[in-house]
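Numbers 12 to 432, taken from our numbering, label the letters of the sequence shown in order.
Idealized CB from N, CA, C, for every residue including glycine.
Computed from a predicted model, the values in this text were never measured in an experiment.
Here the structure comes first, spelled out in structure tokens, and everything after it is commentary.
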Amino acid sequence: MISSIYGSFQDLLVANNCLQIGSYPRFTSITPVHDLDVLYILGSWDENAHDPSVALRALSSKISQDYKNPTEYKINVSLQTHSATVTFQHFSEEILSIDIVPAYITSKNEFNEDKYKVPELLKKRHGKARVDYYQKLASERGQMGWIDSDPRGYIKVASNVDHVSNGEFRKSVKIVKFWKNKLKEIDEPLKLKSFHLEQVVTRYFQENGSIQVFDAVYRFFTELPDIISQPNQIQDRTNSDKFIDDYLVDLTDKEKKQIIQARDAFLAKLENLSASTPISSLFDIEFLERSSGSERYLFDADFKVPVFIEDSTFRIDGFIQPKQGFRDGWLSAVSHQIAKGRQVKFQIRNDIVKDYSLWKVQNDKNSDEVKAASCTRGEITMNRTMKDPESTAYKGRHYVECYAIKNNTCIARSKIDVVIS
């Protein structure tokens, strides 16, 4: 539908005078798409004559008289001093709005494609919010500023990295933006900007065009705390004194903390994803509150953790240490059941080639005895559990997990339940 509508405006205005901008031509839009920006190219920039009102009035008249609507929806045309907005409506519901914005050619970018002057608000508002602002500005007889813009440059870069990555770029950006939108739905002030996040991921693919979706998404989430704490890192293509991530300076410490808690929850769920887990659950926004003694995860130590890495050639077990009057032996041989007051040494039974192993002991968070002792644990240690051997001190369903690490990546994992009665 979007392609059809854009084509209809190209037919009306002559294709060379139109340029669709925004995430759609960069392949990174996600559904639902509510609005599109189209530049209406009026010619070369003249510092002394850049009032587009005459051209826009002619455009409005042309739409009313000659526009061939390719959809079944009704259209409504509204005209402001710096744009014409065409909305496609189903009764009172707005299906899509097209902002047609004047642009003047100023120079060429490094790809020998045109750069433009556009109204300043083009980068700041969309849809109804922009219309309302233009109307308010006109009623107050305010002046609209103009800024340099290089949409063709951004489209070219996106096209290049997407081509080199065989589409991995667009998929990665869509995942990141979808999570960002879900976060905003839960808490409106947690507004990370889509274009900013897209440019972060763009840099990953510019550095390495062969990375895949998992690598890009995982890197984004592991680096997110640094991303939001360091504004003014990504320079605008046409304005050397402007940064597309400058808005981060307005994030409060509380908002930054909430964003990090949401990304912690995402990575924790990703780390524990199994073949039976719905992928959609990753995007159910939760806020993982953590203290200095709380459960640790592999992403805390910057280990890359591919999902679905359970490997039958890598298996751990716990050997119940001898005690007079009691049987010793492997936990797996007694259905993982063990009484209090025993000691267990956890070992790798079936090994694989690895650089080293990491071990995690997690006590039952729902156990009354664990709660009373404030001993949920969850630490990660190298090559053995922290207490070797471990003591069976608290009733509950606990677990021990081991990760095989090679080249700083978790290549296999094995988990064993420990039921203490």
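Alpha carbon of I427 to alpha carbon of D328, nearest angstrom: 7 Å
Inter-residue spacing [alpha-carbon to alpha-carbon] between P36 and V112: 16 Å
Reduced DSSP secondary structure (H/G/I, E/B, other) of F310: helix
Beta-carbon gap between L194 and L201 smaller than 7 Å: yes
7 Å Cβ cutoff, S302 in contact with chain C: Among the chains of the structure shown, chain C does not appear; only one protein chain is present.
Segments assigned beta strand (DSSP E), at least 3 residues, entirely inside the segment 341-409: 354-361, 367-373 and 388-393
Complete runs of the beta strand (DSSP E) confined to the segment 32-98 [at least 3 residues]: 46-55 and 85-90
Delimiting residues of the alpha helix (DSSP H) encompassing D237: V224 to S240
CA-to-CA distance, A423 to I270, given in whole angstroms: 30 Å
DSSP three-state assignment for S118, whether helix, strand or coil: strand
Alpha-carbon to alpha-carbon, L70 and A95: 8 Å
In chain order, each beta strand (DSSP E) run of at least 3 residues that lies wholly inside the segment 198-225: none
Sub-7 Å separation of L348 and V430 beta-carbons: The sequence given here has Gln at residue 348, not Leu. Against a cut-off of 7 Å, the Cβ pair of V430 and Q348 comes out as a contact.
Cutoff 7 Å; reference Q272; Cβ partners in own chain excluding five residues on either side: F298, L299 and E300
A276: first and last residue of the uninterrupted alpha helix (DSSP H) it sits in: D264 to E282
Run of the alpha helix (DSSP H) containing F20, from where it starts to where it stops: I13 to L24
Assumed close pair I116, I52 - CB separation to whole angstroms, cut-off 8 Å: 7 Å
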